[in-house]
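**Q**
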Amino acid sequence: MQLKNSIVSLISLLLMSFHGLAAAQSWPDRPVKVIVPYAPGGGVDPVARLVSLKLADIWKQPVVVENKAGGSGTIGANFVAKAPSDGLTILMSATAEVVINQHFMQKMSYNPDTDLKPVTLLVKLPFVLVANPSKPYSTAAELIAFAKKNPNTVTYASSGPGTAQHLSAVMLEEQANIKLVHIPYKGVAPSVSDLLAGHVDIGFAGLPTALPHIQSGALKALGLSSKIPSIAAPNIPPLAKTPGLQNFDLTQWFGVYVPSGTPNAISQKIQKDIVEVLKMPEVKEALEKQGAQPGNMTMAEFQAFSNSESKKFGAIVKSAKIDQN
44 MQLKNSIVSL ISLLLMSFHG LAAAQSWPDR PVKVIVPYAP GGGVDPVARL
94 VSLKLADIWK QPVVVENKAG GSGTIGANFV AKAPSDGLTI LMSATAEVVI
144 NQHFMQKMSY NPDTDLKPVT LLVKLPFVLV ANPSKPYSTA AELIAFAKKN
194 PNTVTYASSG PGTAQHLSAV MLEEQANIKL VHIPYKGVAP SVSDLLAGHV
244 DIGFAGLPTA LPHIQSGALK ALGLSSKIPS IAAPNIPPLA KTPGLQNFDL
294 TQWFGVYVPS GTPNAISQKI QKDIVEVLKM PEVKEALEKQ GAQPGNMTMA
344 EFQAFSNSES KKFGAIVKSA KIDQN
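Encoded structure:
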C-alpha cells in the first residue's frame, strides 16, 4: 500500500510539472499588465516602459504599463498582490513598497514577504550625495569635518520620512558619527528644488535626477551611495572611499514581482525573458547612460537579495526612529 501511494504521489507530481510547463509554453495568451506604483515619468516608470516594449516583441502580446501611484508605492503593490496568480499582472517596483514600508507602516493591506513573489532585479541605481555650491565643503570628508565642528546645523533634504533618500542620510550620520537636521519634503521634485535654491544644504538624490544639475554646476557631487563607480558618472567617487565610510553601500533598486501563487514555470519564464531584455545592447546602453546597472538575477538570487535588503533597511528604520503609521 505504501509503495502504491508513493507511485500515485510521484505520478501526481509529474502531471503537475507537465501542466506547469505546458502552461508556461502557451503563456501569455492575453495582454500582460505591468503595474508601476508611482506617477508617470520618474523613477521606475521609464525603465518599466523600456523593458515592457521589448517584452511585447518577445511575448507577441500587448504589454501595457499602468501607473497606480499613492501610499509610497503601496497602492500599486497591493493591486498586484491581490491580482489573479496567472502572471498577467506584474509589479515593477522600487524599494519602498517591497522592503522598507513594512518596517514602519502598521496598516499595510498586503504583506510583501508572503503576498508577492520576487522574480528578478531590473536595475540598481545609486544615489549621489549633493550639496549646494554655496556650502563650504566639496567632498564627503570636508562635509564630515564641518558637521563634526558644527553639530545639528547641516540640513539635509529627503523626499519624505522612511524613503530611501532619508535612510541614506541616516546611514551617513551613523557611520560618520555626525548629527544632521532632517528636512522632509513631499516628493523628490520639491526637495531637489530647495537644494538648488540653497534653502537646504545637502541631500541624496537619484543619479539621473541629479546628474544634469551636477554637470551644469548647480549642485556639487560629494559621493555615490554605491561601492562601485557609475559608468554614467565615473568622476564621482563612491562614499565608501571616504575614511570612516568604508562600509557605506545603499542603492535604490527596481525589481519585478508577481502574485505569490503564480506558477513557478510562468514566473521563471518572466525572469528569463526580462534578463534577456536587460542584456540587449540598446537596452543596456540606455540604462547605463542613466546611471543604472542592469540586473541579471535568478529567482533564487533575487529572493535572497530581497530578504537581505529588507533586513538592512529594517535596521536603518529602527535607528531612524520613524513614527509608526
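Counting in our numbering, the sequence shown tops out at residue 368, every number present.
C-beta atoms are modelled at their ideal positions from N, C-alpha and C, and glycine is treated no differently.
1. MET151 lies in the beta strand (DSSP E); which residues open and close that run?
2. Relative to the C-alpha of ALA335, which residue among THR285, PRO194, ILE274 and LYS284 is closest?
3. Would you kindly work out how many angstroms separate the C-alpha atoms of LYS327 and GLY119, rounded to a whole number?
4. Compute the beta-carbon to beta-carbon distance between LEU210 and ILE359, rounded to the nearest angstrom, for a pair I have assumed lies under 8 angstroms.
5. Classify HIS242 as helix, strand or coil using the three-state DSSP reduction.
6. Tell me the DSSP secondary structure of ALA275 in three-state form.
7. Can you tell me which residues form a DSSP beta bridge with LYS315?
8. Take PHE170 as the anchor and find which of ASN154, LEU250, LYS322 and ILE271 has the nearest alpha-carbon.
9. Is it the case that the region 124 to 143 contacts the region 176 to 185, given that we only count it when at least three CB pairs across the two stretches are under 8 angstroms?
10. Identify the continuous alpha helix (DSSP H) that holds HIS256 and give its terminal residues.
11. On the premise that LYS103 lies in contact with VAL386, defined as a C-beta separation below 8 angstroms, what is that separation, rounded to the nearest angstrom?
12. Taking three-plus beta-carbon pairs below 8 angstroms as touching, is the region 108 to 118 in contact with the region 67 to 84?
13. Please work out which residues of its chain come closer than 7 angstroms, Cβ to Cβ, to GLU217, disregarding the five sequence neighbours upstream and downstream, and give them in chain order.
14. Who are ILE226's beta bridge partners in DSSP?
15. Taking the alpha-carbon positions, what's the SER303 to ASP129 distance?
16. So, for PRO194: in the same chain, excluding its five sequence neighbours on each side, which residues have a beta-carbon less than 6 angstroms away from its beta-carbon?
17. In the DSSP assignment, find the unbroken beta strand (DSSP E) run with VAL77 in it and report its ends.
18. So does the region 150 to 168 actually touch the region 336 to 350, counting three or more Cβ pairs closer than 8 angstroms?
19. Given HIS62, which residues of its chain have a CB within under 7 angstroms of its CB, disregarding the five upstream and five downstream residues?
20. Roughly how many angstroms lie between the CA atoms of LEU282 and ALA200, to the nearest whole one?
21. Shorter than 9 angstroms from the beta carbon of ILE365 to some beta carbon of chain B?
**A** In short, the structure shows the following:
1. Note, MET151: premise wrong, no beta strand (DSSP E); not H, not E.
2. Closest in C-alpha terms to ALA335, from the list THR285, PRO194, ILE274 and LYS284, comes ILE274.
3. Each residue's alpha carbon lies about 26 angstroms from the other.
4. Approximately 5 angstroms separates the beta-carbon atoms of LEU210 and ILE359; this is inside 8 angstroms, confirming the contact.
5. In the three-state scheme derived from DSSP, where H, G and I count as helix and E and B as strand, HIS242 is classed as coil.
6. It is coil, neither helix nor strand.
7. Beta-bridge pairing links LYS315 to no other residue.
8. It is LEU250 whose Cα lies nearest to the Cα of PHE170.
9. Touching, no, given that fewer than three Cβ pairs across the two stretches are closer than 8 angstroms.
10. For HIS256, the uninterrupted alpha helix (DSSP H) segment begins and ends at 250 to 259.
11. Limits of the chain in this structure are 44 at one end and 368 at the other, which puts residue 386 out of reach.
12. Three or more beta-carbon pairs separated by less than 8 angstroms link the region 108 to 118 to the region 67 to 84, which places the two stretches in contact.
13. If you ignore the 5 residues before and after GLU217, its C-beta comes within less than 7 angstroms of the C-beta of SER362, all in its own chain and listed in chain order.
14. According to DSSP, which records beta bridges pairwise, ILE226 is partnered with ALA200.
15. Roughly 10 angstroms between the two C-alpha positions.
16. Here the set comprises LYS222.
17. Where VAL77 is concerned, the enclosing beta strand (DSSP E) starts and stops at 75 to 79.
18. Short answer: they touch.
19. Since pLDDT at HIS62 reaches only 49, below the 50 mark, its modelled position is unreliable, and no value is offered.
20. Spanning the alpha carbons of LEU282 and ALA200 requires a straight line of approximately 18 angstroms.
21. No chain B appears in the structure shown, which is made up of a single protein chain.
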